[in-house]
Amino acid sequence: MDTRKFIKPVYERNVTMLDKEHLIAFKDGFYGLIGWDTKPVTDFEFAEVVPWAESVIWVKKNAQWILLNFRTEEVILDRIKDFSWIQSSDENIVRVHRENYYGVISNKKGLIIPPTFHEIINLGTSEIPFYFTEKTVEEADIYVVIYYNQDGKLVRRQALEEEEYEGIYCSSH
23 MDTRKFIKPV
33 YERNVTMLDK
43 EHLIAFKDGF
53 YGLIGWDTKP
63 VTDFEFAEVV
73 PWAESVIWVK
83 KNAQWILLNF
93 RTEEVILDRI
103 KDFSWIQSSD
113 ENIVRVHREN
123 YYGVISNKKG
133 LIIPPTFHEI
143 INLGTSEIPF
153 YFTEKTVEEA
163 DIYVVIYYNQ
173 DGKLVRRQAL
183 EEEEYEGIYC
193 SSH
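Under my numbering, residues 23 to 195 are what the sequence shown spells out, in order.
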């Protein structure tokens, strides 16, 4: 209303603002981005669109999430089964599930922990995360546990046998 711009009612769902220049629209069963001139910025091919950072959005296509720079069409991260929010405020942080591994990514810091772990748990708070990560060496019944601070800096690493691991893992849940 402030800008006195009008989008004709040709879309199947409410058009929502992504940023000052772009809108998320739904047409023919899919989401896409348009400009205020209603010209498409992306194809209408996404099941979902979630804002992430300037020029970067999460899009769901073919049952997988993709972190996409829509201006350059660069795929930042793909093959994501799902993601869960650790923090959503000034800095967005999510735990990503890529193939069979987990990682952590921030809209300000980028990749904090690469998606190479079998498990990642935030032992801290949403404001100050502290990450417990685990990799399993099945053949040896050994668990490698690594703790990272909020910036992805390694704090502690240790290898545990199954009984020791169950003791710390079960008590943390």
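Ideal Cβ placement from N, Cα and C applies to all residues, glycine included.
| query | result |
| --- | --- |
| Contact under 9 Å by Cβ, Tyr-153 with Gly-132 | no |
| Secondary structure of Tyr-33, DSSP reduced to three states | coil |
| Cβ pair Trp-80, Glu-96 closer than 9 Å | no |
| Collapsed DSSP secondary structure at His-195 in the structure displayed | Low confidence applies here, because His-195 scores a pLDDT of 49, under 50, leaving its location unreliable and the question unanswered by this model. |
| For Phe-48 and Trp-87, the rounded distance between their alpha carbons | 18 Å |
| Val-97 - partner residues in DSSP beta bridges | Leu-90 |
| Strand pairing of His-119, partner residues [DSSP] | Asp-104 and Tyr-124 |
| Simplified DSSP state of Glu-185, which is helix, strand or coil | helix |
| Nearest to Ile-127 (by Cα), restricted to the options Val-159, Lys-157 and Ser-106 | Ser-106 |
| Among Asn-84, Val-118 and Ser-110, nearest to Ile-98 - alpha-carbon criterion | Val-118 |
| Where His-195 falls, given that 16 or more other Cβ within 10 Å makes a residue buried | Any reading at His-195 needs caution, since the residue's pLDDT is 49, under 50, leaving its predicted position unreliable; the model's value is listed next. Exposed, by the Cβ-count rule. |
| Burial state of Phe-139, where buried means 16 or more other Cβ atoms lie within 10 Å | buried |
| Ser-77 to Lys-61 span [Cα, whole Å] | 17 Å |
| Spatial distance of Glu-187 from Ile-142 (CA atoms) | Sequence check: residue 187 is Tyr here, not Glu. Looking at the two C-alpha atoms, the distance is approximately 14 Å. |
| Per-residue burial, Pro-31 [other beta carbons within 10 Å of its own, 16 or more giving buried] | exposed |
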